[in-house]
Amino acid sequence: MATLTMWKIFMALLCGMALPLMPVTLARLHSTTGGGGGGMSSGVLGPGSGGGSNAGGSTGKDAHVKTKDVDAVEGKSVSLPCPITEPLENVYMVLWFRDNAGIPLYSFDVRDKEARDQPRHWSAPEVFGSRAKFHFDSQPATLEIKDIKRHDQGIYRCRVDFRTSQTQSFRFNLSVIILPEQPIILDRWGRQLNGSQLGPKQEGDDIVITCRVVGGRPQPQVRWLVNGLLVDNQNEHNSGDVIENRLLWPSVQRNDLNSVFTCQALNTQLDKPKEKSFILDMHLKPLVVRILEPPSSMIADRRYEVACESSGSRPNAIITWYKGKRQLRRTKDDISKNSTRSELSFVPTTDDDGKSITCRAENPNVNGLYLETMWKLNVVWWWTRGRAQRIRLAKGDRERKREIERVGNEKNKAMPTATKR
């Protein structure tokens, strides 16, 4: 009686019959048929006619079927091929099994004419359920499995029963790849770096950063790239499912500014690596400072505007003006993307002749480093009639001074006396 009941269950599964009052799961059915005791042997499944084998599980012949390795990424889709060589009208049934199970987890039934017009699909709900779909019309035919789970890993077998030809079997070793977690970047003191900026650093500083990756099957490779070029793929620490790669980038230079440091963790070519990138920021000293077209000489007590420009600093340089040791504050600054321009407005006096004006450019973020340029003042002045008109150009130039006084006196003879209004 037990044997007859089991046979009805098997036939119902194959034919799509409803079994009221018999809520038997495939797992329970497998354990029932798998026991000994004179009933129907485990693995008796499939049609009772046709050229195909009647063994549902792995047979001695199936053991000689070559196994093909297939990789799938957890959460993605995979297609297991079943290269059927006969047209649909010659196919009786396609069954999929896992490991050594004698109960199919998926069936594609075209045993009668109605089924050939509209094939019957069945997927074990406790295995794939709606995640699996057999595509007979694809080349080759495939079993598509969506949203792969890590427990889907195993040996799968496609068995094709034909009406007149011999049964074909194909075996696949499905390996489920578990991607690693997102990399975490630590500084030299073990503190986690957030955001996308590394630094700011100064010229000559060393970069010491560690990439930590957790998880992944198979174990991922953790590597460092700088501007897309591989510079380090040697793991320094491996403890359980935690892998670390420490990068030492010595003595950064100005041309390293905006370099992209990327840590990648990869364990498959089927998906993009998990990665974390940082852009190097730097504080840079100014490279150039110059006073723009300073006048060769100036007349005392007149106002002049003189500009000074600096470039190469990051962030932009701060420009300050000095006469001797005294800072001049009547300035107007203009800051652009790559340079700083400062305009000094001042009135020279006769006492300023021979003194120097200094333009200094510095980056306050780079301690003790600045650039400066000096401009020596040449101040001249006029005397009205009654006092020799003199243009004093430089102390110590007596011969030139006498010549200027002579010319000035001659001019004053022809000029009216200056008066105040």
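Residues -27 to -1, 1 to 394 (mature numbering (1 follows the signal peptide of the UniProt record, and there is no 0)) make up the sequence shown, in order.
We treat Cβ as the ideally placed atom computed from N, Cα and C, and that holds for glycine.
These numbers were taken from a predicted model, which means no experiment stands behind them.
For the alpha helix (DSSP H) containing residue i, name the first residue and the last one.
{"i": "Asn86", "result": "Looking at the sequence shown, residue 86 is not Asn but Lys. Segment Lys86 to Asp90, the alpha helix (DSSP H) holding Lys86."}
Which residue wins for smallest C-alpha separation from residue i, given the options the options?
{"i": "Ile291", "options": "Gln139, Arg276 and Val262", "result": "Val262"}
{"i": "Tyr295", "options": "Pro191, Val339, Phe101 and Cys281", "result": "Cys281"}
{"i": "Pro56", "options": "Asn73, Lys41 and Gln165", "result": "Lys41"}
{"i": "Lys328", "options": "Ser315, Arg93, Lys349 and Phe81", "result": "Lys349"}
{"i": "Thr260", "options": "Leu344, Tyr277, Leu317 and Val187", "result": "In the sequence as presented, Thr is not what sits at residue 260; that position holds Leu. The shortest C-alpha separation from Leu260 is found at Leu344."}
{"i": "Asp324", "options": "Asn200, Asn340, Glu335 and Met271", "result": "Met271"}
{"i": "Phe251", "options": "Lys298, Ile157, Trp354 and Phe145", "result": "Ile157"}
{"i": "Gly172", "options": "Met255, Ala74 and Arg299", "result": "Met255"}
{"i": "Trp69", "options": "His94, Glu154 and Lys86", "result": "His94"}
{"i": "Arg161", "options": "Cys184, Ser50, Gly341 and Ile330", "result": "Cys184"}
{"i": "Val233", "options": "Leu203, Pro246 and Asp214", "result": "Leu203"}
{"i": "Asn338", "options": "Gly189, Lys174 and Asn240", "result": "Lys174"}
{"i": "Asp72", "options": "Val215, Arg130, Val187 and Arg314", "result": "Arg130"}
{"i": "Thr313", "options": "Arg132, Pro321, Asn336 and Asp326", "result": "Asn336"}
{"i": "Ile76", "options": "Ile308, Lys245, Gly188 and Glu99", "result": "Glu99"}
{"i": "Asp134", "options": "Leu61, Ile128 and Gln300", "result": "Leu61"}
{"i": "Ala74", "options": "Arg132, Ile330, Asn289 and Lys119", "result": "Arg132"}
{"i": "Arg299", "options": "Ser283, Cys332 and Pro288", "result": "Cys332"}
{"i": "Pro321", "options": "Ala334, Trp354, Lys305 and Ser315", "result": "Trp354"}
{"i": "Leu239", "options": "Ser309, Lys49 and Glu154", "result": "Glu154"}
{"i": "Val215", "options": "Asn228, Gln192, Ile264 and Gly201", "result": "Gln192"}
{"i": "Tyr277", "options": "Asn228, Ile330, Asp307 and Arg190", "result": "Ile330"}
Could you round the C-beta distance between residue i and residue j to whole angstroms and report it? I think they count as a contact, below 8 Å.
{"i": "Leu253", "j": "Leu230", "result": "6 Å"}
{"i": "Leu152", "j": "Val46", "result": "7 Å"}
{"i": "Val38", "j": "Phe143", "result": "7 Å"}
{"i": "Asp120", "j": "Leu147", "result": "Not a contact, Cβ separation roughly 14 Å."}
For the beta strand (DSSP E) containing residue i, list its first residue and its last residue.
{"i": "Phe143", "result": "Gln141 to Ile150"}
{"i": "Thr293", "result": "Ile291 to Lys296"}
{"i": "Ala45", "result": "Thr40 to Val46"}
{"i": "Ser312", "result": "Ser312 to Phe319"}
{"i": "Asn218", "result": "Val215 to Trp222"}
{"i": "Ala114", "result": "Ala114 to Ile118"}
{"i": "Ala273", "result": "Where Ala273 is concerned, there is no enclosing beta strand (DSSP E), given that its DSSP letter is neither H nor E."}
{"i": "Ile157", "result": "Ile157 to Leu159"}
{"i": "Ser283", "result": "Tyr277 to Ser284"}
{"i": "Ser80", "result": "Tyr79 to Asp82"}
{"i": "Ile264", "result": "Val261 to Leu265"}
{"i": "residue 466", "result": "In the structure as shown, the chain starts at -27 and stops at 394, and residue 466 therefore has no counterpart that could be examined."}
{"i": "Phe101", "result": "That residue, Phe101, is in no beta strand (DSSP E); it is neither H nor E in DSSP."}
{"i": "Arg130", "result": "Gly127 to Phe135"}
{"i": "Ile330", "result": "Ser329 to Glu335"}
{"i": "Leu344", "result": "Tyr343 to Lys349"}
{"i": "Thr304", "result": "Thr304 to Ile308"}
{"i": "Gly75", "result": "Note, Gly75: premise wrong, no beta strand (DSSP E); not H, not E."}
Excluding the 5 residues flanking residue i on each side, which residues of the same chain have their C-beta closer than 6 Å to its C-beta?
{"i": "His210", "result": "Glu217"}
{"i": "Lys249", "result": "Pro156, Ile158 and Cys236"}
{"i": "Leu(-7)", "result": "Below a pLDDT of 50, predicted positions are generally treated as unreliable, and Leu(-7), at 28, falls in that range; the measurement from the model is reported next regardless. Hits under 6 Å: none found."}
{"i": "Asp110", "result": "none"}
{"i": "Met279", "result": "In the sequence as displayed, the identity of residue 279 is Val instead of Met. Result list for Val279: Pro267 and Leu317, in chain order."}
{"i": "Ile128", "result": "Asp72 and Asn146"}
{"i": "Met347", "result": "Ser329 and Thr331"}
Could you name the residues of the same chain whose beta carbon sits closer than 7 Å to that of residue i, not counting the 5 residues immediately before and after it, in chain order?
{"i": "Gly285", "result": "Leu257, Pro259, Leu260 and Val261"}
{"i": "Gln242", "result": "none"}
{"i": "Glu266", "result": "none"}
{"i": "Ser269", "result": "Asn351"}
{"i": "Asn206", "result": "Gln194 and Arg196"}
{"i": "Pro246", "result": "Gln237, Ala238 and Leu239"}
Suppose the cutoff is 8 Å on Cβ atoms and the five residues either side in sequence are ignored; what does the same chain contact list for residue i look like?
{"i": "Ala114", "result": "Pro54, Cys55, Pro56, Ile57, Val67, Phe107 and His108"}
{"i": "Thr(-23)", "result": "Only weak support is given to the placement of Thr(-23): the predicted model assigns it a pLDDT of 43, under 50, and the value that follows is read from those uncertain coordinates. Correct list: empty, nothing qualifies."}
{"i": "Arg303", "result": "Leu317, Ser318 and Phe319"}
{"i": "Lys368", "result": "Confidence at Lys368 is low in this model, with a pLDDT of 44, below 50, so the placement of that residue should be treated as unreliable; the coordinate-derived value is given next. Same-chain partners within the cutoff: Asp326 and Gly327."}
Against chain C, does residue i count as a neighbour if the rule is that its beta carbon must be under 7 Å from one of theirs?
{"i": "Lys349", "result": "Note that chain C does not occur in the displayed structure, where there is just one protein chain."}
**At least 3 beta-carbon pairs within less than 8 Å: the stretch 221 to 238 vs the stretch 172 to 189** = Yes, they touch.
**Message:** Under 8 Å: do the stretch 206 to 222 and the stretch 133 to 148 share three or more Cβ pairs, one atom per stretch?
**Reply:** Of all C-beta pairs linking the stretch 206 to 222 to the stretch 133 to 148, fewer than three are shorter than 8 Å, placing the two stretches out of contact.
**Prompt:** Would you call the stretch 90 to 100 and the stretch 152 to 166 touching, i.e. three or more CB-CB distances under 8 Å?
**Reply:** With fewer than three CB-CB distances shorter than 8 Å, the stretch 90 to 100 does not count as touching the stretch 152 to 166.
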